[in-house]
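Notes follow the structure.
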Amino acid sequence: MKETIARPLTTPEKRDRSRLFKKELITNYQLYLMIVPPLIWLILFMYVPMYGVQIAFKKFRAVDGINGSEWVGLKYFHKFFQSYDAGEIIWNTVEVCFYTLLVGFPIFVLLALLLNNTGSKRFRKVVQLSTFAPYFISVTVVVGMLIQFLSVQDYGIINNVIRFFGGEPIMFMSKPEWFSSVYTWSNIWQGAGFNAIIYIAALASIDQELYEAAVVDGASKFQRIRHIDLPGIMPTMVITFILAVGQVMNLGFFDKIFLMQNPLNLDSSEVISTYVYKTGLSASLPNYSYASAIGLFNSLINFALLILANSISKRINKNSLW
Amino acid sequence: MDNLYTTRRDKWFTAFINFLLTVALVVTLYPIIYIVSSSFSSPTAVTTGQVWLWPVLPSLAGYEAVFQYKGIWTGFYNTAIYTVFGTLISVALTVLAAYPLSRPDFKAKNPLMFLFTFTMFFSGGLIPTYMLVNQLSLYNTRWAVILPSALAVYNLIITRTFFQAGIPRELLEAAKLDGCDDFTFVRKIVLPISGAIIAVNTLFYAIGYWNNIQSALIFLKDNDKMPLQMILRAILIQNQIDPSMMAGFDTKAMAERANLREQLKYSLIVVSSLPVVLLYPFVQKYFVRGIMIGSIKG
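What follows is the structure, given as structure tokens:
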């Protein structure tokens, strides 16, 4: 240790590096100026909240501020795990997320493969344009449509069909056991065309000679899909799957689930993100620290899932995000 | 491929594929056609379930009710403000970040890129963001709808990829020789040849702002600042239709009023989605391109 201290503060290499840095600042100063506004935005709206998340480990009091509040360690995490709701909320989150991921993912890939192998270009274009369209409808409207379509009133078309075939009308929107299916399948309806595009792009970049060679060798269309299309889009599939797993429990879908909630389906529609909103913002006595702790727990799971998916695919497939 | 060599089995297989795609097509389009048809039908026909595919007893009553409902116009007005100004700010921020990050000779490129991408996978979350917005005195202001989510890292990535691939290094070198600095280069050369990516960004962001409800749920309190989606939520989801907002409504009979309340929803869905639908031809062209650009990276 002593030796290190005794050394001169600026070694030649260090001086060199700082001189290079100055030179870079001078030659590229306009690039630095350009990136300043987005960088300020990034620090302010992304990294300041990340710093602020420490209130999850503190007993936040407005008068003390974030820094002045007293540290309480994992108290709020314990409180959440010991609460009556925790198990159900975590389970609901996992169910809704993985249902969407596991059912949605194969359907998106399948749609791309089908579109790529239809005989007619025109038909392909029509289907692609149409399946893509619902993506741009707002979640509010989608939930509004669900309420109209699934209603048990005379105008609820799905229940009219069920009645027509002699069945009993089902209260889709207010029965907890229907929640995750309604949520997932409406997601697929809305997102299939959009999510297929990335695979369509990948399919388009496959070398045409492979198909020609396969045809010469007498490969059927199904064999071409199985042995050329699928391996060809595998790297893309792996990357999107990793990203999807990393996003799987993200707060992003807070609004759709929140909008679909009603007092009757709460047993299966209360997820972590909506619970954070309720305990932290819309409650009569909001508890910032408690809500932040639950939110942080969610973010950490996301992050862990992403790293896990990434390292698994690295080992199996040599495809990874980093 | 098909004209090259097709066996009988392949023909059946293609027919099967086309059948599946037809199912997908019907499933996707039917709800939309149904909504549009209902919006043009008579209120009674809709509420008694007579509409299956095409309008029954065509009527514009639903649209009249929508246009007379005052709250909807406030929503349209607010959403227009959020969409126009939000998109301007977002596109500007995205380009300003993407260009320097696309330059190989920009030394700070990698660490800065990491700072941006990291936020895709980890964030402070709802409560700390809410507290920050409060602290900045942005709560319940129009800024709160725009600023906290002004820049989407995904857009930044595809824009950067576009710049990396679309602007040849020789162009920069030649411009530099002529004494062109970076600002001028971006203004006079990069922006004019990057119309496609600017369009992708504009559409992505504009549709995002138009459809956004989350910011309003979290950061807004006053009714006069609420965007259209919040009005839609009140009417479509919470079924809160204020009769006093509907001009000339009290003169109508009870039953008719109840029917119109229901049918108004279909017309409202159509009216509120119309701006996005009108953009759709451009949207799909540029969106597909944008996603393709993004996928090069993957």
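Chains as they are written, first to last, in full-length UniProt numbering: chain P, 1 to 322; chain S, 1 to 298. Ideal Cβ positions, reconstructed from N, Cα and C, are used throughout, including at glycine.
Next item on the list: Name the residue from Phe297/P, Pro286/P, Ala304/P, Met46/P whose alpha carbon lies nearest to the alpha carbon of isoleucine 90/P.
Entry: Phe297/P
Margin query: So valine 145/S and leucine 220/S are supposed to be a Cβ contact under 8 Å. How far apart are they, rounded?
Written below: 7 Å
Note to self: So with CB distances below 7 Å, who are the chain S contacts of asparagine 160/P?
What the structure shows: Gly49
Check: Along the chain, where does the alpha helix (DSSP H) that runs through isoleucine 35/S open and close?
Finding: 8 to 39
Next item on the list: With 7 Å as the C-beta to C-beta threshold (strictly closer), list the residues of the segment 111 to 145 of chain S near chain P in chain order.
Entry: Sequence-ordered contacts of the segment 111 to 145 of chain S with chain P read Leu112, Leu115, Phe116, Thr119, Phe121, Phe122, Ser123, Gly124, Gly125, Leu126, Ile127, Pro128, Thr129, Tyr130, Met131, Leu132 [C-beta pairs closer than 7 Å].
Check: Given proline 100/S, which residues of its chain have a CB within under 6 Å of its CB, disregarding the five upstream and five downstream residues?
Finding: Excluding sequence neighbours, proline 100/S sits near Phe106.
Margin query: So with CB distances below 9 Å, who are the chain S contacts of serine 130/P?
Written below: Ala24, Leu25, Thr28, Leu29, Ile32
Checklist line | Residue-level contact to chain S via CB, glutamate 24/P, 8 Å cutoff | finding: yes
Check: For chain P, is any of its Cβ atoms less than 8 Å away from the one on phenylalanine 13/S?
Finding: Closer than 8 Å to some Cβ of chain P, the Cβ of phenylalanine 13/S qualifies, so yes.
Item checked: Nearest candidate by alpha-carbon position, reference serine 123/S, set Val153/S, Trp143/S, Gln135/S -> Val153/S
Next item on the list: Using a Cβ cut-off of 9 Å, pull out every chain P residue sitting near leucine 147/S, in sequence order please.
Entry: Trp41, Leu44, Phe45
Next item on the list: May I ask you to verify whether the segment 217 to 224 of chain P touches the segment 54 to 71 of chain S, counting CB pairs closer than 8 Å and requiring at least 3?
Entry: no
Checklist line | Straight-line Cα distance separating asparagine 28/P from lysine 75/P | finding: When rounded, the distance between both Cα atoms is 49 Å.
Check: Looking only at its own chain, which residues have a Cβ that is under 6 Å from the Cβ of alanine 97/S, when we skip the five neighbours before and after it?
Finding: Leu156
Next item on the list: Could you name the residues of the same chain whose beta carbon sits closer than 8 Å to that of valine 182/P, not counting the 5 residues immediately before and after it, in chain order?
Entry: Leu146, Leu150, Phe172, Met173, Met260
Notebook entry, point to check: In whole angstroms, what is the alpha-carbon distance linking leucine 136/S and proline 227/S?
Noted result: 22 Å
Next item on the list: Thinking alanine 192/P and phenylalanine 108/P are a contact (beta carbons under 8 Å), I'd like their distance in whole angstroms, please.
Entry: 6 Å
Check: Can you list, in chain order, the residues of the segment 169 to 181 of chain S whose Cβ is nearer than 8 Å to any Cβ on chain P?
Finding: Considering only beta carbons, the part of the segment 169 to 181 of chain S lying closer than 8 Å to chain P consists of Asp181, in chain order.
Margin query: Taking only three categories from DSSP, how would you classify tyrosine 82/S?
Written below: helix
Note to self: Cutting at 6 Å between CB atoms, please list the residues of its own chain near phenylalanine 241/P, excluding the five before and the five after it.
What the structure shows: none
Item checked: Which of helix, strand or coil DSSP assigns to glutamate 209/P -> helix
Next item on the list: Check tyrosine 280/S in the structure and name its three-state DSSP category.
Entry: helix
Check: From the beta carbon of glutamine 68/S, is the nearest beta carbon of chain P less than 8 Å away?
Finding: Residue contact with chain P for glutamine 68/S: absent (no Cβ-Cβ distance below 8 Å to any residue of chain P).
Notebook entry, point to check: Would you report the Cα separation of isoleucine 233/P and asparagine 116/P, rounded to the nearest angstrom?
Noted result: 12 Å
Note to self: Between which residues of its own chain and isoleucine 162/P is the CB-CB distance below 8 Å, once the five residues before and five after are set aside?
What the structure shows: So the qualifying residues of the chain are Glu168, Pro169, Ile170.
Next item on the list: Look at the alpha carbon of glutamate 262/S and the alpha carbon of tryptophan 73/S, and state the distance between them as a whole number of angstroms.
Entry: When rounded, the separation of the alpha-carbon atoms in glutamate 262/S and tryptophan 73/S is 19 Å.
Item checked: For tryptophan 54/S: DSSP bridge partner residues -> Residue pairing from DSSP leaves tryptophan 54/S without any beta-bridge partner.
Check: Can you name, in chain order, every residue of its own chain whose Cβ lies under 7 Å from the Cβ of aspartate 222/S, other than the five neighbours on each side?
Finding: Asn140
Notebook entry, point to check: Residues bridged to lysine 188/S by DSSP?
Noted result: In DSSP, lysine 188/S forms no bridge with anything.
Margin query: So with CB distances below 8 Å, who are the chain S contacts of tyrosine 275/P?
Written below: Those within 8 Å of tyrosine 275/P in chain S number zero; the least Cβ separation is about 11 Å.
Checklist line | Presumed contact (8 Å Cβ cut-off) between serine 289/P and lysine 58/P, rounded CB distance | finding: 6 Å
Next item on the list: Work out the CA separation of leucine 33/P and arginine 17/P for me, nearest whole Å.
Entry: The straight-line gap from Cα to Cα measures roughly 21 Å.
Item checked: Reduced DSSP secondary structure (H/G/I, E/B, other) of tyrosine 290/P -> The three-state reading of DSSP puts tyrosine 290/P in helix, counting H, G and I together.
Next item on the list: Could you pull out every residue in the same chain whose Cβ sits closer than 7 Å to the Cβ of glutamine 50/S, ignoring the five residues on either side in sequence?
Entry: Val56
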